[in-house]
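Numbering (our numbering), first residue to last: 51 to 374. Each residue gets a CB set at the ideal place from its N, CA and C atoms; glycine is no exception. Presented below is the structure to which this report refers.
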Ligand SMILES: [Zn+2]
């Protein structure tokens, strides 16, 4: 009986244990389900929130990143734009502004005060000075330039028929030679400027006779061909334009001695800043038709002179390109 009772009691215990275990399991499973549901909802919510909020958060953060990174740029750009007024056009600039603008553009400052020269070095009508005079582009026998005056820097003793120059060119030339003097080249004078058609006619024939009488040539045509390498027939000389000058610091009869001197080099390198070009550069005879003349400078105005300088071309090539 006792064992039966014990067995019975044991059986009751088992039932109790099983019931408790079932309840525990039920709670555990239920809890897990509830937890999962809640958790899944949480992640759904948070991911949904992330999906909906992330872009805006990302926008905000990228905006703030852009704002942060662009703020210094903007702050460095904006004041520059706002503090520096829009660049004035050339027509709107006063003389000082034009000089400063040009100096900045070419990266070279004038040593002399250009205030009184600017309007002549770079006149508003400077395009009218840019043209060729050569065997193809001739000047008529009656062509005389306007506004001829006695050249300020003419060498002493030059006759009246050899000392005239166009006024604008004379003033620009004064600036050029004052700057040259500042750099130590203070003894350069002008030997030839405007020559009339008649004077050129006389001069050309004088040179032809001189060559022919030298006995170096078999025919007069050969003598003329030689003269044409350093002089020109009437109507084809730049000197008739009144826009050019021969200038150097050597004897008037031997200008070639000026070639290669420090003064000649400085003059050739700086002419453009005063509206001049070396018209017949070294090594360009096949283009210009004239030998290297380190002393012959032609006024074309600073805009064209600077372009010609920057391009490293002759006036012939510069105008050929413009016509093309
Ligand atoms: Zn000349």
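> Which whole runs of the alpha helix (DSSP H) in the segment 210 to 258 are 4 residues long or more, in chain order?
Replying inline: 217 to 232
>> Considering only the alpha carbon of each residue, which of 226, 294, 168 and 237 lies closest to residue 212?
In response: 294
> Would you call the segment 317 to 332 and the segment 219 to 235 in contact, with 3 or more CB pairs under 8 angstroms?
Replying inline: yes
>> ligand 3 and residue 359: does any heavy atom of the ligand fall closer than 6 angstroms to the residue's C-beta?
In response: You won't find ligand 3 in this model; what it holds is ligand 1.
>> Considering only their Cβ atoms, is the gap separating residue 162 from residue 229 smaller than 7 angstroms?
In response: yes
> What separation, rounded to the nearest whole angstrom, lies between the Cα atoms of residue 355 and residue 322?
Replying inline: 5 angstroms
>> In this structure, how does DSSP classify residue 106 when only helix, strand and coil are distinguished?
In response: Only weak support is given to the placement of residue 106: the predicted model assigns it a pLDDT of 43, under 50, and the question is left unresolved by the model.
> What are the residues that DSSP puts in a beta bridge with residue 348?
Replying inline: 294 and 327
> What residues does ligand 1 have around it, judged by CB closer than 5 angstroms to any heavy atom, in chain order?
Replying inline: 296 and 346
>> Just verifying my parser: in three-state terms, what is the DSSP assignment at residue 278?
In response: coil
> If residue 172 and residue 353 are in contact, beta carbons under 8 angstroms, what's the gap, nearest whole angstrom?
Replying inline: 6 angstroms
> Whole-angstrom Cβ separation of residue 364 and residue 338, contact assumed at under 8 angstroms?
Replying inline: 6 angstroms
> Which term fits residue 263, buried or exposed, when burial requires 16 or more other beta carbons within 10 angstroms of its beta carbon?
Replying inline: exposed
> Excluding sequence positions up to five away, which residues of its chain have a Cβ less than 6 angstroms from the Cβ of residue 368?
Replying inline: 358
> Hey, quick one: how far does the beta strand (DSSP E) through residue 199 stretch, first residue to last?
Replying inline: 198 to 200
> Does DSSP put residue 204 in a helix, a strand or coil?
Replying inline: strand
> By how many angstroms is the C-alpha of residue 291 removed from the C-alpha of residue 179?
Replying inline: 9 angstroms
> Under a Cβ-count criterion, where at least 16 other Cβ atoms within 10 Å of its own Cβ denotes burial, should residue 302 be classed as buried or exposed?
Replying inline: exposed
>> Buried or exposed for residue 268, going by 16 or more other Cβ atoms inside 10 Å?
In response: exposed
> How would you call residue 204, buried or exposed, if buried means at least 16 neighbouring beta carbons within 10 angstroms?
Replying inline: buried
>> Using CA atoms only, rank isn't needed, just tell me which of 286, 207, 272 and 271 is closest to residue 245.
In response: 286
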